[in-house]
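Peer 1: To get this note's numbering, take the position in the sequence shown, counting from 1, and add 5.
Where a beta carbon is used, it is the ideal one built from N, C-alpha and C, also for glycine.
Bear in mind the structure is a predicted one, so any value in this text is a computation, not a measurement.
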Amino acid sequence: MNLACANANDLPDLARYENERGLSNPSYILGQYWFRKINGSAGLIEFPPAYNYLREAVASIVPNTGLYDKTIDLALLNSTETNAFVIPGNHLFIYSDILRLINNESTLMGLLAHEVSHLELHHYQRSLENQKNEQAKALLLVLAGVAAATAGDGETTSALWLGGMANQVENMLSYSRAHEQEADRRGRELMQLSGFPTSGMNELLAGLFKQSLGSNRIEFLSTHPLPQNRLSDSLTGQEQTSVLFTPSSDSFRYFRATLLSYRAALEGNRYRNFLSSSLTTSDEYHYGLALAELLMHYNETALENINKVQSRNEFVDYLKTIIYLTVDQDEQAKQVIEDRLALAPNDLTFTYLAGQVKEQKPYLRTTPDQLGYEKRMVYRHNIAVARQRNNQPYALYNHALLQFELGKDKPALNLINRAIKQSSGSDRSEMESMKTQLELLEDAQRREDLN
Numbered sequence: 006m007n008l009a010c011a012n013a014n015d016l017p018d019l020a021r022y023e024n025e026r027g028l029s030n031p032s033y034i035l036g037q038y039w040f041r042k043i044n045g046s047a048g049l050i051e052f053p054p055a056y057n058y059l060r061e062a063v064a065s066i067v068p069n070t071g072l073y074d075k076t077i078d079l080a081l082l083n084s085t086e087t088n089a090f091v092i093p094g095n096h097l098f099i100y101s102d103i104l105r106l107i108n109n110e111s112t113l114m115g116l117l118a119h120e121v122s123h124l125e126l127h128h129y130q131r132s133l134e135n136q137k138n139e140q141a142k143a144l145l146l147v148l149a150g151v152a153a154a155t156a157g158d159g160e161t162t163s164a165l166w167l168g169g170m171a172n173q174v175e176n177m178l179s180y181s182r183a184h185e186q187e188a189d190r191r192g193r194e195l196m197q198l199s200g201f202p203t204s205g206m207n208e209l210l211a212g213l214f215k216q217s218l219g220s221n222r223i224e225f226l227s228t229h230p231l232p233q234n235r236l237s238d239s240l241t242g243q244e245q246t247s248v249l250f251t252p253s254s255d256s257f258r259y260f261r262a263t264l265l266s267y268r269a270a271l272e273g274n275r276y277r278n279f280l281s282s283s284l285t286t287s288d289e290y291h292y293g294l295a296l297a298e299l300l301m302h303y304n305e306t307a308l309e310n311i312n313k314v315q316s317r318n319e320f321v322d323y324l325k326t327i328i329y330l331t332v333d334q335d336e337q338a339k340q341v342i343e344d345r346l347a348l349a350p351n352d353l354t355f356t357y358l359a360g361q362v363k364e365q366k367p368y369l370r371t372t373p374d375q376l377g378y379e380k381r382m383v384y385r386h387n388i389a390v391a392r393q394r395n396n397q398p399y400a401l402y403n404h405a406l407l408q409f410e411l412g413k414d415k416p417a418l419n420l421i422n423r424a425i426k427q428s429s430g431s432d433r434s435e436m437e438s439m440k441t442q443l444e445l446l447e448d449a450q451r452r453e454d455l456n
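#1: Using 8 Å as the cut-off, classify the Cβ of Arg317 as near or not near the heavy atoms of the ligand NAP, replying yes or no.
#2: So, helix, strand or coil for Leu445, using DSSP?
#3: Determine whether the beta carbon atoms of Asn88 and Glu185 lie at a separation below 9 Å.
#4: Please say whether Ala262 and Phe320 have beta carbons closer to each other than 9 Å?
#5: With DSSP collapsed to three states, give me the class of Ala47.
#6: Ends of the alpha helix (DSSP H) at Phe279?
#7: How many Å lie between Leu265 and Leu443 at the Cα?
#8: Determine the extent of the beta strand (DSSP E) in which Asp78 is found, giving its start and end residues.
#9: Taking the alpha carbon of Phe201 as the point to measure from, which residue in Leu411, Leu280, Ser254 and Leu346 has its own alpha carbon closest?
#10: Hey, which unbroken runs of the alpha helix (DSSP H) at 4 residues or more fall wholly within the stretch 368 to 421?
#11: List, from N- to C-terminal side, the beta strand (DSSP E) runs of 3 residues or more that fit wholly inside the stretch 60 to 109.
#12: Quick one: grab the DSSP three-state call for Lys363.
#13: Below 6 Å CB to CB, which residues in the same chain sit around Phe260 once its five sequence neighbours on both sides are set aside?
#14: Which same chain residues, not among the five before or five after Thr306, have their C-beta less than 7 Å away from its C-beta?
#15: Could you round the C-beta distance between Arg41 and Glu410 to whole angstroms and report it? I think they count as a contact, below 8 Å.
#16: Measure the C-alpha to C-alpha separation of Ile34 and Val314 and round it to an integer number of angstroms.
#17: Can you grab the Cα-Cα spacing for the pair Asn176 / Tyr129, in whole Å?
#18: According to the neighbour-count rule (16 or more other Cβ atoms, all chains shown, within 10 Å of its Cβ), is Lys457 buried or exposed?
#19: Taking buried to mean at least 16 other C-beta atoms within 10 Å of its own C-beta, is Lys426 buried or exposed?
#20: Mapping the DSSP letters down to three states, classify Thr203 as helix, strand or coil.
#21: Could you tell me the alpha carbon to alpha carbon distance between Leu49 and His229, rounded to whole angstroms?
#22: Tell me the residue span of the alpha helix (DSSP H) that contains Ser287.
#23: Can you give me the Cβ contacts of Asn304 inside the same chain, cut-off strictly under 8 Å, excluding the 5 residues immediately before and after it?
#24: Does the stretch 417 to 426 come close enough to the stretch 77 to 95 that 3 or more CB-CB pairs lie under 8 Å?
#25: Spatial neighbours of Gly192 within its chain, please: CB distance less than 7 Å, with the 5 preceding and 5 following residues excluded, ordered by chain position.
#26: Taking Leu97 as the reference, which of Leu296, Leu209, Leu79 and Arg268 has the closest Cα?
#27: How big is the Cα-Cα spacing for Ala391 and Pro367?
#28: For Glu272, which of helix, strand or coil comes out of DSSP?
#29: Helix or strand or just coil, what does DSSP make of Pro252?
#30: Tell me the rounded alpha-carbon separation between Asn44 and Tyr100.
#31: Measure the alpha-carbon distance for Met439 versus Lys339 and round it to whole angstroms.
#32: Please report the straight-line C-alpha distance between Gln365 and Thr326, rounded to a whole angstrom.
#33: From what residue to what residue does the alpha helix (DSSP H) around Asp335 run?
#34: Please go through the same chain and pick out, in chain order, the residues whose beta-carbon is closer than 6 Å to the beta-carbon of Ser199, but skip the five residues on each side of it.
#35: Using only the alpha-carbon positions, how far apart do Asp189 and Ile77 sit?
#36: On the premise that Tyr323 lies in contact with Asn83, defined as a C-beta separation below 8 Å, what is that separation, rounded to the nearest angstrom?
If you want it as structure tokens, here you go:
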């Protein structure tokens with residue numbers, strides 16, 4: 006394992022954490038519990054093309070790390086707060102608002118490299134060696150946040166809860182200044198190894214520093230302290246090729262437009278001003294308007310704006326399909342889906358959409374390497390197909406799996422019990438086997454909560 010920028014004398018025995026995403030790792034059990042609970046909030050962004058892009062971006066960095074398990078699960082959260090953080094078990098969270106600071110791909114890669122470095126350097130486990138009691142305290146705070154969010158209503162409560170999420174777990178997940186400087190230095194190494202200009206790390210730190218001079222608190226700096234010498238330490242490091250020689254990709258620009266469109270929807274009637282100040286090209290602006298208006302249920306104006314977009318890519322085609330389905334233009338939606346699947350027959354994003362247009366499609370299966378957002382697509386696809394076939398038990402079964410993925414354990418187990426009662430044969434055996442797996446994971450989480 007490459008821990009070049011860490012002092013070996015300061016490290017605990019990391020062999021205990023060899024498999025970051027294994028059920029034998031208590032940090033993974035607890036992290037998975039948090040991950041699913043947060044995914045069950047109304048602030049979760051469900052836009053598969055954005056996850057597809059982010060997954061590829063992360064995948065360009067992790068092969069150069071010493072992580073035993075290269076899989077990092079992802080969650081995009083809509084909030085007015087500026088934050089990104091990782092939690093045990095290789096889970097990465099990015100808040101929509103932080104994309105206001107990130108206007109090029111190199112800067113995003115700087116953020117990802119920094120966060121992945123926290124995972125590689127096992128900063129959580131190392132902090133836990135000195136603060137073992139903080140784990141239980143932080144979990145209680147997280148559970149209180151979950152209860153407050155589920156008791157409230159709508160996007161405002163969700164945004165407030167997510168905005169305070171980093172603060173609630175601050176005692177456990179905040180890193181020391183030494184850890185931050187380690188992550189900066191290792192992040193720069195990862196960027197160089199992955200072929201990205203390290204100027205992106207400098208731009209990220211400069212943007213955070215500039216915003217920290219304002220009156221608003223930045224949640225990112227609550228968990229990632231910014232000592233005075235951190236920026237200068239980064240800027241005096243050896244800088245690789247300038248970002249000017251690596252223009253941002255089309256996918257990055259639409260990824261950024263997507264997250265800022267979700268963020269704009271939290272502005273209410275000011276969403277147009279928010280987007281006009283953030284998105285510079287005509288296509289990105291009209292795409293952003295269409296998405297924000299769809300989120301705010303201005304369906305007809307969303308359709309008008311998406312039809313003004315001249316670009317064709319995964320983001321635009323996905324949004325266009327969703328809008329067509331929303332305004333009952335199923336034939337137009339089918340055409341976009343067919344065009345995409347003709348180019349990539351195994352594209353899960355558009356295979357999932359095909360299952361939503363009332364066509365007889367086969368059921369899909371999850372695979373061990375799928376991330377949470379992919380599993381949610383599979384479950385929703387199977388629910389739609391099962392309902393088309395009047396297969397109530399299988400619809401209940403997949404609904405149960407979806408609920409569990411969203412951290413709703415008791416409703417999930419109730420649904421799977423109903424599915425088992427109504428099923429028979431091989432379907433029943435599959436459901437009983439999965440129920441056992443869910444109960445084992447729930448039991449492991451419960452035991453970990455008590456420790």
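Peer 2: Based on what the coordinates show:
#1: The ligand NAP is not part of this structure, which contains no ligands at all.
#2: Here DSSP, grouped into helix, strand and coil, assigns Leu445 to helix.
#3: In terms of Cβ geometry, Asn88 and Glu185 do not form a close pair [threshold 9 Å].
#4: Against a cut-off of 9 Å, the Cβ pair of Ala262 and Phe320 comes out as a contact.
#5: In the structure shown, Ala47 sits in coil (DSSP, three-state: anything other than H, G, I, E or B).
#6: Its alpha helix (DSSP H) spans residues Tyr276 to Ser281.
#7: So the two alpha carbons sit approximately 35 Å from each other.
#8: DSSP places Asp78 inside the beta strand (DSSP E), whose first and last residues are Asp78 to Leu82.
#9: Sorting Leu411, Leu280, Ser254 and Leu346 by C-alpha distance to the C-alpha of Phe201 places Ser254 at the top.
#10: Qualifying alpha helix (DSSP H) stretches, in chain order: 377 to 393 and 397 to 410.
#11: The DSSP assignment places 78 to 82, 89 to 92 and 96 to 100 as complete runs of the beta strand (DSSP E) inside the stretch 60 to 109, in order along the chain (cut-off: 3 residues).
#12: The answer is coil: DSSP assigns Lys363 none of H, G, I, E or B.
#13: Beyond the five residues adjoining it in sequence on each side, Phe260 comes within less than 6 Å, by CB distance, of Ala55 and Tyr58 in the same chain, given in chain order.
#14: Cβ within range, chain order: Glu298.
#15: Taking a contact as a CB-CB distance under 8 Å, the pair Arg41 and Glu410 counts as one, their CB atoms being some 6 Å apart.
#16: Cα-Cα distance, rounded: 44 Å.
#17: At Asn176, the pLDDT of 48 sits below 50, so the modelled position is not reliable and the matter cannot be decided from this model.
#18: Lying before the first or after the last residue shown, residue 457 is absent from the chain, which here runs from 6 to 456.
#19: By the neighbour-count definition (other C-beta atoms within 10 Å, threshold 16), Lys426 is an exposed residue.
#20: Assignment of Thr203 by DSSP, reduced to helix, strand and coil, places it in the coil class.
#21: Those two C-alpha atoms are separated by around 22 Å.
#22: For Ser287, the enclosing alpha helix (DSSP H) has its first and last residue at Ser287 to Leu300.
#23: The beta carbon of Asn304 is closer than 8 Å to those of Glu298, Ile328, Thr331 and Val332 in its chain, skipping five residues each way along the sequence.
#24: Counting Cβ pairs under 8 Å, fewer than three are found: no touch.
#25: These residues qualify, in order along the chain: Gly115, Ala118, His119, Ser122 and Met206.
#26: Minimum Cα-Cα distance from Leu97 among the listed residues Leu296, Leu209, Leu79 and Arg268 corresponds to Leu79.
#27: Their backbone Cα atoms lie some 9 Å apart in a straight line.
#28: Coil, per DSSP.
#29: Correct three-state label for Pro252: coil.
#30: One C-alpha to the other measures close to 13 Å.
#31: Met439 and Lys339: Cα-Cα distance of roughly 33 Å.
#32: Spanning the alpha carbons of Gln365 and Thr326 requires a straight line of approximately 18 Å.
#33: Bounds of the alpha helix (DSSP H) holding Asp335 are Asp335 to Leu348.
#34: Correct list, in chain order: Ser65, Ile66 and Asn69.
#35: Those two C-alpha atoms are separated by around 19 Å.
#36: About 17 Å; that fails the 8 Å criterion.
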